[in-house]
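Scroll down for the structure; my scribbles are underneath it.
Protein chains: 2
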Amino acid sequence: MLSQTSRYALHALIVIARSGGQANVRQIAAEATIPTNYLGKILHVLGRRGLLRSSRGAGGGFQLARRPEEIQLLEVIESFEDPQYFARCLLGSERCPEGRPCVAHGLWVPIVEQTRRFFETTTLADLLAEGQSLAALAGPAHLPERT
Amino acid sequence: MLSQTSRYALHALIVIARSGGQANVRQIAAEATIPTNYLGKILHVLGRRGLLRSSRGAGGGFQLARRPEEIQLLEVIESFEDPQYFARCLLGSERCPEGRPCVAHGLWVPIVEQTRRFFETTTLADLLAEGQSLAALAGPAHLPERT
DNA sequence: TCCTATTATCATGAGGATATGATTTTTGCA
DNA sequence: TGCAAAAATCATATCCTCATGATAATAGGA
Chain H
1342 MLSQTSRYAL
1352 HALIVIARSG
1362 GQANVRQIAA
1372 EATIPTNYLG
1382 KILHVLGRRG
1392 LLRSSRGAGG
1402 GFQLARRPEE
1412 IQLLEVIESF
1422 EDPQYFARCL
1432 LGSERCPEGR
1442 PCVAHGLWVP
1452 IVEQTRRFFE
1462 TTTLADLLAE
1472 GQSLAALAGP
1482 AHLPERT
Chain A
1342 MLSQTSRYAL
1352 HALIVIARSG
1362 GQANVRQIAA
1372 EATIPTNYLG
1382 KILHVLGRRG
1392 LLRSSRGAGG
1402 GFQLARRPEE
1412 IQLLEVIESF
1422 EDPQYFARCL
1432 LGSERCPEGR
1442 PCVAHGLWVP
1452 IVEQTRRFFE
1462 TTTLADLLAE
1472 GQSLAALAGP
1482 AHLPERT
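Line by line, the protein sequences are chains H and A. Residue numbers for the first sequence, in the numbering used here: 1342 to 1488. Residue numbers for the second sequence, in the numbering used here: 1342 to 1488.
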């Protein structure tokens, strides 16, 4: 449904946010179980997109460039998915031409539009909040990475 | 969102249904603009899944094995997508372990579940019906393949 | 000033999805 | 009976995603 790369990116942002908004590639890779070199490139892209700031050298790493409430999930996945991701119809690899919808168009558009809206209205802060309530429910044993 | 292969399969079934429930690979490939050899393999898979029947030799081809109302889109795409397609969560490549949901689980599951339900409740007949109402609205000029 | 930590960049490769082309098997029909 | 049509199968190629490894550039701190 979402590429591995997008999932890595989301996970990495959560880890950074939980680490107080700053962390380096090795820490994030270890915490989220992501190949280190590959993660480096992903974070670099998020930097170019303006979601992260990076600093080199000792003590460096990546920082959130905005507050979690201001980071839409849509911005993250648009950094890695095909631009046509939400435009494709059920039967084609491109957007249905204007005025000439495919036979699945009317049935499919509401589904994909709802998905797009989810990514647009959900922010990194929402994921963090969900994690908090999970931790409250499950207790520390089930969430060792938050101890 | 869906693989090219799944989209080809759906399109091919529509073409077969519109051709009176029977057509051969070359006809379908031409009508739906699908590479002929590749389509052959796709139809073969649909045959093994019990959605099509095939007959070789002159006058042969592929037939719907059931009425369009009895062909769920879910069956079609499950023939080609990863079995984990609807099980993956937002952050992982596998289903969240029982009792230990990821931080996105509660937010994401309703979205993916609605998508799955769409494919489960929508049948080939629904796509055909949608095509009919489009044709009525748009007139023959915009739907030359149905003349 | 030099060492080391860290990101940035480059080169390479494995594997799957998407094809393409040729050959084999089956079957209807003249 | 043999030809032609059609699916079935086999071999190969291409491109993209995901990943690995090595090197270069940068910057903090002893």
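We put the CB at the ideal spot given by N, CA and C, even for glycine.
Residue-level contact by beta carbon holds for Val1444(H) and chain A, with a gap shorter than 8 Å.
At a beta-carbon threshold of 7 Å, the residues of chain A lying near Leu1475(H) are Pro1442 and Val1444, ordered along the chain.
Contact of Tyr1379(A) with chain H is not assigned, every C-beta pair being separated by 8 Å or more. Within the same chain, Cβ atoms closer than 8 Å to the Cβ of Ala1370(H) are found at Pro1376, Thr1377 and Leu1380, the five residues on either side in sequence being excluded. The region 1406-1413 of chain A and the region 1440-1449 of chain A do not touch, with fewer than three beta-carbon pairs separated by less than 8 Å. Under the Cβ criterion (8 Å, minimum of three pairs), the region 1359-1374 of chain A does not count as touching the region 1430-1444 of chain A.
Comparing alpha-carbon positions, the option among Leu1475(A), Thr1456(A), Ala1466(A) and Cys1437(A) lying closest to Leu1351(A) turns out to be Ala1466(A). Bounds of the alpha helix (DSSP H) holding Arg1359(A) are Gln1345 to Arg1359.
Here Gly1398(H) is exposed. Its C-beta has fewer than 16 other C-beta atoms within 10 Å.
Each of Leu1387(A), Ser1420(A) and Ile1418(A) was checked against the Cα of Leu1405(A), and the nearest Cα belongs to Leu1387(A). Ranked by how close their Cα comes to the Cα of Val1417(H), the residues Met1342(H), Ala1470(H), Gly1472(H) and Thr1464(H) have Thr1464(H) in first place.
Pairing Thr1456(A) with Thr1456(H) gives a Cβ-Cβ distance under 8 Å.
Out of Gln1345(H), Leu1468(H) and Cys1437(H), the CA that lies nearest to the CA of Ile1383(H) is found in Gln1345(H). The C-beta of Val1356(A) comes no closer than 8 Å to any C-beta of chain H.
Secondary structure of Leu1393(H) (DSSP, three-state): strand. Under the Cβ distance rule, Thr1462(H) does not count among the residues neighbouring chain A, no pair being separated by less than 8 Å. Residue burial annotation: Gly1401(H) is exposed, with fewer than 16 other C-beta atoms found within 10 angstroms of its C-beta. Beta-bridge partners of Phe1403(A) (DSSP): Ala1364(A) and Ser1395(A). Here DSSP, grouped into helix, strand and coil, assigns Thr1456(A) to helix. At least one CB of chain A lies nearer than 8 Å to the CB of Gly1433(H). When the five nearest sequence neighbours on each side are left out, the beta carbons in the same chain lying within less than 7 Å of the beta carbon of Leu1468(A) are those of Ile1355, in order along the chain.
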